[in-house]
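Numbering (the UniProt record's numbering), first residue to last: 8 to 355. Taking it in order: structure first as C-alpha cells, then the write-up.
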Ligand code: ATP
Ligand code: MG
Ligand code: MG
C-alpha cells in the first residue's frame, strides 16, 4: 500500500496514523520534538527540524503524498516538500490560514461574515483599530496562536496598553467581540476530484480558551444547519481543498459568523469516532490518498469531552461508564493545559 507522510507527531497525527493503518496504508511522521505521540503508532518517524533540508528530502522521497496535522509549516520547508511530492491540503489553504488577517480577508472576500477586525502593529495602529472596531474586543497575534494563547481581551479602552504589551511586539489583529449565543463547528471534507461532504455540526464549549466539550447535534435550526454546511463547502471549493477542514462558527441573531478555519482534522471532530461509520481521520486519509470520501452520516448522538492536564486522573471512573469510549494520546506527563486524551460518550 501507499505511504502517507504526516507533518507533526501530536495526537492528531497519531489518530490519522491509526486510520491509515486500518485502510492498509503506512504512515511516516516528521516531527522536530522527541517521542511524539504519533511515533508510537506510525510505521516510521523522522525526528528533525523544518530547517533540515536533507531530512525533509529523505522524508518526502519515502512517502507517496504528504499531509499535516498543524498549519504552521515554514514556507521554505513547504517549497522543498512540494517539489518532490503532492502536499494535501494544498499551499493556498496554508497561506490563508497561517495568518488571521489573510484568513479574514479571504472569508469576507467570499461574502462570509467575520468579527470586525483591523491590523495592529503598534500603539498608533491599535488606537486606529479601537476607533474602527470599538470595544469590547480581543487582541490576537496574527500567527501561531492556539488554545487561546496569544490573546488579550480589551474590555474598555484603558486595557489597551496591557493588551499591546501582551502581544510582545508580534504583528496582531484586533477583533470586535462577537456576542454569540453559542459556538458550533462544521468538519468538512473534499476529495481530490472535488466531492464535498460535511459531518453534522457540533456545539463547542470552551474553558480557559481550550475546547472542553463538543455536543452533537448542535442547537441549530434547519436553515442555520443548512447555511453552516453550505458555507463550509464554499470555503473548501474556493481553496481547491483536499482533505478535512474545521470551520469554527459563532451563532448570533444576525446570522453565522466565521471565527476561524483550521486546514486539518479538528478537535471538535473527535466525536465522529463513535458517531459515524467513517470518522474525520479516515475521511482525511481517504481524501489525501485519492480515495472517494466515505459516508460520514451520524448514527448516534455523542458528547466529546477533552481530558486536559490532570483530568486524566478521572480515567478509573470513566472506565466504568457505559457507552463511553476512551482515547488516550500516550503523552508521558500531564501538564496543565495539555491535551492528554478525550472521551466520547454515546448518547443514543
Ligand atoms: P483554537 O485552539 O481553536 O485554534 P485559538 O487560540 O485560535 O483557538 P480562537 O478560536 O480565535 O483561538 O478563540 C478561542 C475562543 O475565544 C473562541 O472559541 C471563542 O470562545 C473566544 N473568542 C475568540 N474570538 C472571539 C471574538 N471575536 N468574539 C467573542 N469570542 C471570541
Ligand atoms: Mg485557532
Ligand atoms: Mg479556535
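Glycine included, each C-beta is placed from N, C-alpha and C at the ideal position. A quick note: this is a predicted structure, and the numbers were derived from the prediction, not measured.
Residue i versus the options, residue with shortest Cα-Cα distance
{"i": "residue 276", "options": "306, 122, 244 and 288", "result": "288"}
{"i": "residue 192", "options": "11, 290, 232 and 315", "result": "232"}
{"i": "residue 89", "options": "179, 105, 106 and 71", "result": "71"}
{"i": "residue 120", "options": "181, 348 and 111", "result": "111"}
{"i": "residue 333", "options": "341, 322, 342 and 340", "result": "322"}
{"i": "residue 262", "options": "74, 189 and 18", "result": "189"}
{"i": "residue 279", "options": "307, 76, 82 and 293", "result": "307"}
{"i": "residue 167", "options": "182, 113 and 327", "result": "182"}
{"i": "residue 223", "options": "234, 211 and 217", "result": "211"}
{"i": "residue 348", "options": "44, 186, 234 and 74", "result": "44"}
{"i": "residue 95", "options": "187, 293 and 132", "result": "293"}
Residue range of the alpha helix (DSSP H) that includes residue i
{"i": "residue 282", "result": "279-282"}
{"i": "residue 22", "result": "18-29"}
{"i": "residue 51", "result": "Looking at the DSSP string, residue 51 is not in any alpha helix (DSSP H); the run it does join, the beta strand (DSSP E), is 51-54."}
{"i": "residue 91", "result": "82-91"}
{"i": "residue 244", "result": "229-245"}
{"i": "residue 63", "result": "60-68"}
Beta bridge counterpart(s) of residue i as assigned by DSSP
{"i": "residue 211", "result": "190 and 221"}
{"i": "residue 313", "result": "349"}
{"i": "residue 331", "result": "352"}
For residue j and residue i, the rounded distance between their alpha carbons
{"i": "residue 165", "j": "residue 175", "result": "18 Å"}
{"i": "residue 320", "j": "residue 84", "result": "39 Å"}
{"i": "residue 352", "j": "residue 305", "result": "14 Å"}
{"i": "residue 265", "j": "residue 123", "result": "11 Å"}
{"i": "residue 147", "j": "residue 8", "result": "43 Å"}
{"i": "residue 215", "j": "residue 24", "result": "29 Å"}
{"i": "residue 335", "j": "residue 240", "result": "31 Å"}
{"i": "residue 228", "j": "residue 260", "result": "12 Å"}
{"i": "residue 243", "j": "residue 196", "result": "8 Å"}
{"i": "residue 15", "j": "residue 340", "result": "19 Å"}
{"i": "residue 284", "j": "residue 139", "result": "47 Å"}
{"i": "residue 230", "j": "residue 30", "result": "36 Å"}
{"i": "residue 67", "j": "residue 81", "result": "15 Å"}
{"i": "residue 274", "j": "residue 34", "result": "21 Å"}
{"i": "residue 40", "j": "residue 258", "result": "37 Å"}
{"i": "residue 314", "j": "residue 338", "result": "12 Å"}
{"i": "residue 69", "j": "residue 56", "result": "17 Å"}
{"i": "residue 343", "j": "residue 157", "result": "17 Å"}
{"i": "residue 290", "j": "residue 87", "result": "27 Å"}
{"i": "residue 48", "j": "residue 213", "result": "29 Å"}
{"i": "residue 269", "j": "residue 326", "result": "31 Å"}
{"i": "residue 63", "j": "residue 142", "result": "45 Å"}
Residue i Cβ short of 7 Å to ligand 5 heavy atom set
{"i": "residue 110", "result": "Among the ligands in the structure shown, ligand 5 does not appear; only ligand 1, ligand 2 and ligand 3 can be found there."}
First and last residue of the uninterrupted beta strand (DSSP E) at residue i
{"i": "residue 10", "result": "10-14"}
{"i": "residue 110", "result": "Careful: residue 110 lies outside any beta strand (DSSP E), inside the alpha helix (DSSP H) at 107-116."}
Item to check | Neighbouring residues (CB closer than 7 Å to any heavy atom of ligand 2) | outcome: 152, 153, 267 and 269
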